[in-house]
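Colleague: Here the protein sequences line up with chains A and B, keeping their order. Residue 178 in our numbering sits at position 173 of the first sequence, with consecutive numbering throughout. Residue 40 in our numbering sits at position 35 of the second sequence, with consecutive numbering throughout. Ideal Cβ placement from N, Cα and C applies to all residues, glycine included. Right, I'll just put the structure down here and ask away after.
Number of protein chains: 2
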Amino acid sequence: MSSMKAVIIGPGNVASQTQMIAPEAVKGHAVVQLTASALNHRDVWITKGQYPGIKEGAVMGSDGCGLYRGKEVILNPGLAWGLSEACQGDQFRVLGVPDNGTFADFISIPEEYLLPKPVHLSCLEAAALPLAGVTAYRSLISRAKAKAGERVLVTGIGGGVALMAMQFAVALHCEVYVTSSDQEKIKKAVSMGAMEGALYTDEGWHNDFLNKSGGFDVIIDGSCGSSFPLLLKMLRAGGRLAFYGATAGSIPPINPQLVFWKQLSILGSTMGSPSDFQEMVDFVTLHSIVPVIDQVFSLQDAGAAFRRMAEGRQFGKIVFDHSI
Amino acid sequence: MSSMKAVIIGPGNVASQTQMIAPEAVKGHAVVQLTASALNHRDVWITKGQYPGIKEGAVMGSDGCGLYRGKEVILNPGLAWGLSEACQGDQFRVLGVPDNGTFADFISIPEEYLLPKPVHLSCLEAAALPLAGVTAYRSLISRAKAKAGERVLVTGIGGGVALMAMQFAVALHCEVYVTSSDQEKIKKAVSMGAMEGALYTDEGWHNDFLNKSGGFDVIIDGSCGSSFPLLLKMLRAGGRLAFYGATAGSIPPINPQLVFWKQLSILGSTMGSPSDFQEMVDFVTLHSIVPVIDQVFSLQDAGAAFRRMAEGRQFGKIVFDHSI
C-alpha cells in the first residue's frame, strides 16, 4: 500500500491537505494517476456545509486529467446519471464527496467515466474542462438549443460555466453578449469574441442593453434572484432562458402574460448526461476550444485556491497542477 | 348589397346583436357562409374591455364552420402568424375584433385560412374545434412534447382548451389526470378516459394527488396563480409545465433549485402556427376526436351564451347554430 497526497473534507467541513493510502486496482475500475484537477463552486459550498451528502474524510474535487495505461484521459464527473436523457436519476452523484474525487495523486473510478484527453489541450487546460464544460453544453445546446446566428446573453461572465457557455456560443457563430459586475471581465470577454457587455451593477442596465442588442434568443444564467424578471423581459419572442444555478437566490414573481404571449421557455439545467459529456468533448475538439485558466496552484496551496474562488474575482478556472 | 345578422362589439364594449351589410367577394378572399360558430373566453374578455385593440363595430367570434363553393370548411383563427414556428410575429391577430369574426351569417377571409371540415364532425362540433384545439395542441404537443405512456395533468377541466388537451392526451395514450372545483366535471372527464381527478378546492389536494399519481411528466395549465408552485412540485424529474393562460393571476416566487435540479421546463404557449393548426386537424381526424359541446344557442340568444361562459359552469364549448 502506497501513500498519496490529497485534499479531503475534514472535521467541521474544512478542506484539509493530508496524506492517505492510494487506491488499489479493483475489477472494472481504473486507477488513474491524476496530473491536474480544477476547483468548482461546488467545492467551496461543501466547505460551507451547503451541500447534501457530505462524507467526512472523502477526497474532494470533480474535475481531473491524468494518466491511465500510458494514455492521457479526462474524467466525466457525472456518476450514475441513469437511463433518461431528460434528467439524472436517483443514484446520480457529482464526483468528489461522497465518492473520492480528483484532489489527489490517484483516483479509482469505473472505466466508463474515462475519455481520451482532447489533443489540443494541455493537462491543465483539460482538467479545467469537465464539470463547467458539460454544465455549459447542456444549458446552451441540449436545453436552450442555441443555433448559429442567434443572439445569446451569458450572465456573470468570469465564472467557469459562464465562460465556457460564452466560448461555445461564439464557436456556434451566435452573437454573444455578457454581463458582469467588473468592467475588466467584460473587456476580456469582448477580446474572446463577445460583442458587448453590460455592468449589471449599473442602474437601468437592462434597458440600455435591450436597446443595444434588440433582445436575446437565448439567455444562460447561473444566478436567478432579483434580475430574473429583467432577463425574461430581455428575451425576444420565442426566447429561451436556461439557468444552471441560483447564486442570487429565489425567482421573484413572474408576469405570466409575458411568458405565454411571447412563447418563452424557462429551462432548469444541471450537469449533463454521458451523451452531453461526449458531445461536449467532441464539440470542444472540433472547434479547438481552450478553457480559460485563471490561476494555477499546487495541492499544498489548496487553501489559497479555495480563498480565491470564494472571493469571486477569478476569470476562468482555478486549477491544481499535481506535479508542483 | 345584402343584409346579414351579426354580433358586434358595440358602444361600451357590449356584445350587440345587429343587422349589417354582408361582405362582398374581394380577390384572394373567400366569402364563407357561416353555419356555426363558438364562444371563447376571449369574447367575454373583449366585452369587459380586457383586450388590446378592441374596434367598436367589428363582428366578434374566432371559431367558425361554414360553406364555401359548396364545400364545408373550418377557419384557422390565427391571422398573420408570421415566419417563425417559435412565436407569432408583430402582425399576428386572433380572428374576431379587430378583424370581422364568425358571429355572423357571412365572413370575408383570405382563402389560406380555410381548411376542409373533418368529415367525422358535424358543423356544430367542427365550429367548437379551432381556437381551443390549436391552443391545446400547441401546449401539449408542440411545446410540452407529450408522448405515449407519459403521465399528464390537465388543470381546470371543463374549459374548452383543457378538455381538448385532455382528449388529445388520451388519444396519445398518455395516462391523464385532471383537476376541477366541481366533482361533476371530474366524473365526466373520467368517463372520457381520464384516470382520476382532484378537487383543487380541497386542502392538501396536491399531496394526495402526488401520492396517487406518482407525479407528472407534463402539466397543462391555464390559470397560473397561487397553485403554480404546487404544480411545479408535482412534476417528475425532466417534467414540462406548459401554460396558455393566467386566469388566477401572477406566478408566485419559485424555488430555482427545484427547477434546475429536476431539469424542469416552464413553457409559455398561446394559439398556434399554421403548421400547428394543420397538424391539430390531422390529429383530430386520425383519432376521430369529437369536441365536447356544452350548450347550443342561436345568435339571437348571444346574451345568454355570454352569461353562461362568464359563469364558468360550462363543460365544453358554447356553440352558436346559425340556422336557428
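Helix, strand or coil: which one does DSSP assign to C70 (chain A)?
Modeller: strand
Colleague: Can you confirm whether C229 (chain B), when its beta carbon is compared against all beta carbons of chain A, has any partner nearer than 9 Å?
Modeller: yes
Colleague: Does S274 (chain A) have its Cβ less than 9 Å from a Cβ in chain E?
Modeller: Considering every chain present, this structure includes no chain E. Its protein chains are A and B.
Colleague: Please report how far the alpha carbon of Y249 (chain B) lies from the alpha carbon of G230 (chain B), in whole angstroms.
Modeller: 13 Å
Colleague: Can you tell me which residues form a DSSP beta bridge with Y182 (chain B)?
Modeller: B:L158 and B:E201
Colleague: Should P121 (chain B) be labelled buried (16 or more other beta-carbon atoms within 10 Å of its own) or exposed?
Modeller: exposed
Colleague: Quick check: is any heavy atom of the ligand HEM less than 8 Å from the C-beta of V159 (chain A)?
Modeller: Looking at this structure, you won't find the ligand HEM or any other ligand, since it has none at all.
Colleague: Below 8 Å CB to CB, which residues in the same chain sit around G244 (chain A) once its five sequence neighbours on both sides are set aside?
Modeller: G220, F221, D222, V223, I224, K267, L269 and S270
Colleague: Determine the extent of the beta strand (DSSP E) in which V64 (chain B) is found, giving its start and end residues.
Modeller: Counting along the chain, V64 (chain B) falls outside any beta strand (DSSP E), and DSSP gives it neither H nor E.
Colleague: So for E130 (chain A), helix, strand or coil by DSSP?
Modeller: Reduced to three states, the DSSP call for E130 (chain A) is helix.
Colleague: State the Cα-Cα distance for the pair A133 (chain A) and V124 (chain A), rounded to the nearest angstrom.
Modeller: So the alpha carbons of these two residues sit roughly 14 Å apart.
Colleague: Please classify I146 (chain A): does DSSP put it in a helix, a strand, or coil?
Modeller: helix
Colleague: Any C-beta of chain A sitting closer than 9 Å to the C-beta of V99 (chain B)?
Modeller: no
Colleague: Helix, strand or coil: which one does DSSP assign to A91 (chain B)?
Modeller: coil
Colleague: Where do the ends of the alpha helix (DSSP H) carrying V49 (chain B) lie?
Modeller: H46 to T52
Colleague: Distance check for S328 (chain A) and K10 (chain A), CA to CA, integer angstroms please.
Modeller: 11 Å
Colleague: Using a Cβ-Cβ distance cut-off of 9 Å, determine whether F325 (chain B) contacts chain A.
Modeller: Not one chain A Cβ lies under 9 Å of F325 (chain B).
Colleague: If you reduce the DSSP assignment to three classes, tell me which class L263 (chain A) lands in.
Modeller: helix
Colleague: Please compile the residues from chain A whose C-beta is within a distance smaller than 7 Å of the C-beta of Q268 (chain B).
Modeller: A91, C92, G273, S274 and T275
Colleague: Assuming D110 (chain B) and A27 (chain B) form a contact by the criterion Cβ under 8 Å, report the distance between their Cβ atoms to the nearest whole angstrom.
Modeller: 7 Å
Colleague: Please list the terminal residues of the continuous alpha helix (DSSP H) segment that includes A167 (chain A).
Modeller: G165 to A176
Colleague: Exposed or buried, what is G75 (chain B) when buried is set at 16 or more other beta-carbons lying within 10 Å of its beta-carbon?
Modeller: exposed
Colleague: Below 9 Å between beta carbons: does that hold for T160 (chain A) and A167 (chain A)?
Modeller: yes
Colleague: Please confirm if the region 203-220 of chain B is in contact with the region 171-190 of chain B, defined as three or more CB-CB distances below 8 Å between the two stretches.
Modeller: In short, these stretches touch, since the Cβ pair count reaches three.
Colleague: Looking at V31 (chain B) and L113 (chain B), is the spacing between their C-beta atoms short of 9 Å?
Modeller: Note that residue 113 (chain B) is Ser in the sequence shown here, rather than Leu. Yes, the Cβ-Cβ distance between S113 (chain B) and V31 (chain B) is below 9 Å.
Colleague: For E29 (chain B) and S280 (chain A), I'd like the C-alpha separation in whole angstroms.
Modeller: 60 Å
Colleague: Run through DSSP, which three-state label would M276 (chain B) get?
Modeller: coil
Colleague: Answer yes if the region 38-47 of chain B comes into contact with the region 310-323 of chain B, meaning at least three C-beta pairs across the two stretches below 8 Å, and no otherwise.
Modeller: yes
Colleague: Output, in chain order, the set of chain A residues within a Cβ distance shorter than 8 Å of S255 (chain B).
Modeller: P258, I259, N260 and P261
Colleague: What residue range does the beta strand (DSSP E) around V78 (chain A) cover?
Modeller: Where V78 (chain A) is concerned, the enclosing beta strand (DSSP E) stretches over K76 to L80.
Colleague: With 16 other CB atoms within 10 Å as the buried threshold, where does T52 (chain A) fall?
Modeller: buried
Colleague: So what's R245 (chain A) in DSSP terms, helix, strand or just coil?
Modeller: Secondary structure at R245 (chain A): strand, using DSSP grouped into helix, strand and coil.
Colleague: So is F282 (chain A) in contact with chain B if we call contact Cβ pairs under 9 Å?
Modeller: Chain B has no Cβ within less than 9 Å of the Cβ of F282 (chain A).
Colleague: Taking Cβ-Cβ distances below 8 Å as the criterion, which residues of the region 212-227 of chain B are in contact with chain A?
Modeller: Going along the region 212-227 of chain B in chain order, one finds no residue with a Cβ nearer than 8 Å to chain A.
Colleague: Give the range of the alpha helix (DSSP H) segment to which D226 (chain A) is assigned.
Modeller: Segment F221 to D226 is the beta strand (DSSP E) holding D226 (chain A); no alpha helix (DSSP H) there.
Colleague: From G54 (chain B) to G15 (chain B), what does the alpha carbon distance come to, in whole angstroms?
Modeller: 11 Å
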